[in-house]
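Engineer: Going by the working numbering, the first residue of the sequence shown is number 1, and it counts up by one from there. Cβ coordinates follow ideal geometry from the N, Cα and C atoms, glycine included. This one's a predicted model, so the numbers in the text were calculated from it and none came from an experiment.
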Amino acid sequence: MTTANEEQLKTCARWINESKRGVVFTGAGISTESGIPDFRSPGGLWERFDPSELSFQNFQSNPRSRRTYWEFYRENWRLSKDVKPNRAHLAVASLEKLGKIVAVITQNIDGLHQAAGNTAEKVFELHGNMWEVRCLSCNALYDWEEILSALEEGKHVEDCGYCGGLLKPATVSFGQSLPLQTLKDAQEYCMSCDLLICIGSSLVVYPAAGLPELAKNSGARLVIINRESTPKDRIADLVIRGEVGEVMSEIMNLLDGS
Ligand code: NAD
């Protein structure tokens, strides 16, 4: 249920109308309405998997942790394989089409912004994408569908056929570096935008959680849309508390020309 008031929605719509270089930053909360649970809410994956066991260091050094990791990947895939973009993703895609935003920065690995119609080159995936599996040593790309069917048959994932390295989904694990160029691009967009709208992120995972501050310190307006409070609310120019699908739909209805 949206608790956002009309005045807040109008203010956000006005700022979008006035913006010349808006940027949207999203977290797992934008995809929950599509049926993908976030990690930290009740029922999220952290209730079933121990994040510390899924660290990159464990993945590299411990075969048992690797098996747990692939089980986690399989569970993620089961949750994500049939999902469709929801009204919040579609609103973000419309903002790009209307020329209101120049980039989407996301912590999500589900690919739903591109599926909604955002241009792939304008979507910066800070934590990678679950639809790719690569060798950690030589970066060779593998067919994730083949790997998943092997897992479904109870087989283990083989090492790289080219160099013997470890295969891993192209998503960023705890303890693994973010893709450097993607992070740099995201930081540059945040430093040069005039409006940053954060949608459905708990804003606790760094370095991604540092982006709102970067935008704010560079002179942008900062809007946070989430169903619960975040540690960055105190620096935001506007905090809208509510369900992101509903809030984004209402804001879209208030934009000029809609
Ligand atoms: P998070 O789970 O920490 O936070 C999600 C936030 O969104 C929470 O504050 C929650 O209250 C809020 N929320 C959930 N559904 C909402 C809704 N419908 N309306 C309004 N608010 C809602 O997620 P995060 O901030 O993205 O944390 C980052 C980590 O989560 C990253 O590592 C990311 O890769 C990962 N993640 C991604 C996916 C995905 O790709 N869809 C799914 C789960 C986790």
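By the DSSP assignment, the beta strand (DSSP E) with Leu195 in it spans what residues?
Structural biologist: Translated into positions along the sequence shown, residue 195 becomes position 195. Element bounds for Leu195: 195–199.
Engineer: Between which two residues does the alpha helix (DSSP H) carrying Arg40 extend?
Structural biologist: One-based indexing of the sequence shown puts residue 40 at position 40. Here Arg40 belongs to no alpha helix (DSSP H), and DSSP marks it neither H nor E.
Engineer: Are Cys135 and Leu95 close, meaning C-beta to C-beta below 7 Å?
Structural biologist: Here residue 135 corresponds to residue number 135 of the sequence shown, with the count starting at 1. Here residue 95 corresponds to residue number 95 of the sequence shown, with the count starting at 1. In this structure, Leu95 does not lie closer than 7 Å to Cys135 by Cβ.
Engineer: Nearest to Gly161 by CA position, among Phe174, Ser137, Pro179, Leu79, is which residue?
Structural biologist: The residue you call residue 161 lines up with position 161 of the sequence shown. The residue with the shortest Cα to Cα distance from Gly161 is Ser137.
Engineer: Just the C-alpha distance for Glu53 and Thr26, rounded to the nearest angstrom, thanks.
Structural biologist: Against the sequence shown, residue 53 aligns to sequence position 53. Against the sequence shown, residue 26 aligns to sequence position 26. Between Glu53 and Thr26, the C-alpha separation is close to 26 Å.
Engineer: Taking contact to mean 3 or more Cβ pairs, one atom from each stretch, closer than 8 Å, check whether the stretch 113–128 and the stretch 81–95 are in contact.
Structural biologist: These segments touch.
Engineer: Can you give me the C-alpha to C-alpha distance between Met1 and Leu98, rounded to a whole angstrom?
Structural biologist: Mapped onto the sequence shown, residue 1 falls at position 1. Mapped onto the sequence shown, residue 98 falls at position 98. Unreliable placement is indicated for Met1, whose pLDDT of 40 sits below 50; the coordinate value is still reported in the next sentence. Using only the alpha carbons, I get a separation of about 28 Å.
Engineer: For the ligand FMN, is there a heavy atom less than 6 Å away from the beta-carbon of Thr182?
Structural biologist: With respect to the ligand FMN, the structure offers nothing, as its ligand set consists of the ligand NAD.
Engineer: Do the stretch 202–210 and the stretch 150–159 make contact, defined as three or more Cβ pairs closer than 8 Å?
Structural biologist: Flag = no, the stretch 202–210 and the stretch 150–159 do not touch.
Engineer: Alpha carbon to alpha carbon, what distance is there between Asn86 and Ala209?
Structural biologist: Along the sequence shown, read from residue 1 onward, the residue named residue 209 stands at position 209. Along the sequence shown, read from residue 1 onward, the residue named residue 86 stands at position 86. In a straight line, the C-alpha of Ala209 is about 24 Å away from that of Asn86.
Engineer: Once you ignore the five residues that flank Ile251 on each side, which residues in its own chain have a CB closer than 8 Å to its CB?
Structural biologist: For the purposes of this step, residue 251 is taken as residue 251 along the sequence shown, with counting starting at 1. Around Ile251: Leu9, Cys12, Ala13, Ile16, Ala91.
Engineer: Measure the alpha-carbon distance for Thr106 versus Trp144 and round it to whole angstroms.
Structural biologist: Translated into the one-based positions of the sequence shown, residue 106 becomes position 106. Translated into the one-based positions of the sequence shown, residue 144 becomes position 144. Taking the straight line joining both Cα atoms gives about 22 Å.
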